[in-house]
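K.L.:
Got a structure here, written out as structure tokens. Questions coming.
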Amino acid sequence: MNYYQLTPDVIADALVSVGIYIDSGLMALNSYENRVYRFKSDSDGILVAKFYRPQRWSRQQIQEEHDFLFALDDAGVRVAVPLVRDQNSVFEFGNMLFAVWPSVSGRQFEADNLDQLEALGEQLGRLHRVGERFVLRHRPQLSSDDYLLRARGVLEQEAIIPKRLRGEFFARLNDVVEKTTALYRPKQQLTLHCDCHVSNILWRDGLWLLDFDDCRTGPAVQDLWMMLSGTRQEQLLQLDTLLAGYETVREFNAAELSLIEPLRAMRMVNYMAWLAARWSDPAFPANFPWFNTEDYWQQQISVLSDQLQSLDALPLSLTSWN
121 MNYYQLTPDV IADALVSVGI YIDSGLMALN SYENRVYRFK SDSDGILVAK FYRPQRWSRQ
181 QIQEEHDFLF ALDDAGVRVA VPLVRDQNSV FEFGNMLFAV WPSVSGRQFE ADNLDQLEAL
241 GEQLGRLHRV GERFVLRHRP QLSSDDYLLR ARGVLEQEAI IPKRLRGEFF ARLNDVVEKT
301 TALYRPKQQL TLHCDCHVSN ILWRDGLWLL DFDDCRTGPA VQDLWMMLSG TRQEQLLQLD
361 TLLAGYETVR EFNAAELSLI EPLRAMRMVN YMAWLAARWS DPAFPANFPW FNTEDYWQQQ
421 ISVLSDQLQS LDALPLSLTS WN
């Protein structure tokens with residue numbers, strides 16, 4: 121069964137195998153890593169089916185994501201939990217694993233809205249209280265080995281970098297890898313969302329956290345730093361607002377602020393490697409036409425140089441705001 125060419129008939133047959141029927145509106149949603157479809161079922165309402173990319177997560181790893189969602193839901197965190205059929209939430213059809221969720225609709229999260237930002241902080245505090253005691257036994261940690269060393273190997277093997285830029289690019293990359301590896305030393309780690317950005321948050325009678333596909337173990341600040349942008353003073357205001365909500369339910373360790381720039385560097389390198397590794401998937405050249413161009417790699421040399429300076433800069437400090 122071809123994951124890259126899921127037909128409506130295959131999708132319908134997979135859903136029927138677990139007693140779910142498409143009545144109307146089958147529509148592919150904007151997802152690149154997995155294949156995701158929205159549809160209406162007269163018996164279950166509007167649903168979203170996710171077909172997992174083969175060889176990315178094992179069945180055990182996907183089940184851990186679902187079990188974390190069930191635990192979060194029980195603790196009052198606003199998350200969508202997958203449907204359960206015969207005590208299972210991970211289904212298999214042919215050689216594909218899939219799951220089905222109720223569709224969550226709402227407005228886009230407004231990162232510049234301080235009330236919404238404070239609400240996000242409170243929900244993340246609740247999430248992390250669960251994450252402190254919910255142990256992932258099969259999913260990996262957020263580590264420099266994975267996000268930097270493995271990612272660098274992918275770029276060396278898979279990225280189509282012009283020969284005249286290759287030496288300079290990897291020189292800058294190696295500097296970032298070396299410095300980030302030295303700086304990234306998390307003390308406490310817990311189960312995280314790990315991909316908490318505005319596209320994975322909705323507002324509907326409050327805040328909803330979506331798409332836990334990347335959940336893994338790491339430092340709490342990983343779920344906060346992507347909400348910070350702009351000047352240093354603007355970031356301090358955003359951080360103060362997030363923590364005003366967060367610390368109503370959980371204390372935040374301010375020492376983790378020194379991990380923000382290393383985490384940014386790790387995400388940057390891992391993102392490049394993700395695009396390079398997925399380039400054979402027809403969806404990627406179609407949706408990321410700027411990747412693997414000479415202009416792109418020239419820009420990344422500049423971006424990596426800027427990030428080296430950020431790694432050398434003083435980290436954000438709550439004392440500098442208060």
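Converting from the sequence shown to the numbering used here requires adding 120 to each position, the first position being numbered 1. Even glycine gets a Cβ: it sits at the ideal position worked out from N, Cα and C.
Leu322 by DSSP, collapsed to three states: which one?
P.N.:
strand
K.L.:
Would you kindly report the start and end of the unbroken beta strand (DSSP E) that includes Trp328?
P.N.:
Leu327 to Leu329
K.L.:
Which stretch, first to last residue, makes up the alpha helix (DSSP H) that contains Tyr366?
P.N.:
Arg352 to Tyr366
K.L.:
With a cut-off of 8 Å on the beta carbons, I'd call Gly196 and Tyr366 a contact; round off their distance for me.
P.N.:
That pair is no contact at about 15 Å.
K.L.:
With distances taken from CA atoms, which of Phe190, Asp194 and Arg198 is nearest Ser209?
P.N.:
Phe190
K.L.:
Can you find the residues in the same chain that come closer than 8 Å, C-beta to C-beta, to Pro260, ignoring five residues on each side of it along the sequence?
P.N.:
Within the same chain, Asp266, Arg336 and Thr337 come within 8 Å of Pro260 by CB-CB distance, once the 5 residues on both sides are set aside.
K.L.:
Mark Thr300 as exposed unless 16 or more other C-beta atoms lie within 10 angstroms of its C-beta, in which case mark it buried.
P.N.:
buried
K.L.:
For Met386 and Ser264, which I take to be in contact (beta-carbon distance under 8 Å), what is that distance rounded to the nearest angstrom?
P.N.:
6 Å
K.L.:
Spatial neighbours of Glu276 within its chain, please: CB distance less than 8 Å, with the 5 preceding and 5 following residues excluded, ordered by chain position.
P.N.:
Contacts found: Phe290.
K.L.:
Please state whether the Cβ-Cβ distance between Phe171 and Ala134 is less than 9 Å.
P.N.:
Yes. Within cutoff.
K.L.:
Cβ of Pro339 within 9 Å of Cβ of Leu303?
P.N.:
no
K.L.:
State buried or exposed for Ile280, treating a residue as buried only when at least 16 other CB atoms are found within 10 Å of its CB.
P.N.:
exposed
K.L.:
Quick one: grab the DSSP three-state call for Gln309.
P.N.:
Secondary structure of Gln309 (DSSP, three-state): coil.
K.L.:
Measure the C-alpha to C-alpha separation of Trp441 and Phe229 and round it to an integer number of angstroms.
P.N.:
At Trp441 the pLDDT is 48, less than 50, meaning the model places this residue with poor confidence; the figure from the coordinates comes in the next sentence. Between Trp441 and Phe229, the C-alpha separation is close to 25 Å.
K.L.:
Between Arg249 and the rest of its own chain, which residues show a CB-CB distance below 8 Å, the 5 nearest in sequence each way excluded?
P.N.:
Ala195, Val369 and Arg370
K.L.:
On the DSSP letters alone, give me the boundaries of the alpha helix (DSSP H) that Thr300 sits inside.
P.N.:
Run containing Thr300: Lys283 to Leu303, per the alpha helix (DSSP H) assignment.
K.L.:
For Trp328, which of Leu240, Tyr141, Leu217 and Thr311 has the nearest alpha-carbon?
P.N.:
Leu240
K.L.:
For the stretch 150-165 and the stretch 392-412, state whether three or more C-beta atom pairs, one from each stretch, are separated by less than 8 Å.
P.N.:
yes
K.L.:
Using a Cβ-Cβ cutoff of less than 7 Å, which residues in the same chain neighbour Leu344 once the five nearest sequence positions on both sides are dropped?
P.N.:
Leu244 and Leu362
K.L.:
For Leu438, is the classification buried or exposed, using 16 other Cβ atoms within 10 angstroms of its Cβ as the cut-off for buried?
P.N.:
exposed
K.L.:
So what's Val204 in DSSP terms, helix, strand or just coil?
P.N.:
coil
K.L.:
Between which two residues does the alpha helix (DSSP H) harbouring Arg387 extend?
P.N.:
Ile380 to Ala397
K.L.:
Could you name the residues that DSSP lists as bridge partners for Leu217?
P.N.:
Leu217 pairs with Glu212.
K.L.:
Between the alpha carbons of Ile131 and Ile142, how many angstroms are there, rounded?
P.N.:
9 Å
K.L.:
Could you check the C-alpha separation between Ala169 and Val389 for me, to the nearest Å?
P.N.:
Rounded to whole angstroms, Ala169 to Val389 spans 30 Å at the Cα level.
K.L.:
Excluding the five sequence neighbours on either side, which residues of its own chain have a C-beta within less than 6 Å of the C-beta of His258, listed in chain order?
P.N.:
Gln180, Gln181 and Glu184
K.L.:
Looking at the secondary structure, which residues open and close the alpha helix (DSSP H) in which Val136 lies?
P.N.:
Here the alpha helix (DSSP H) through Val136 covers Pro128 to Val136.
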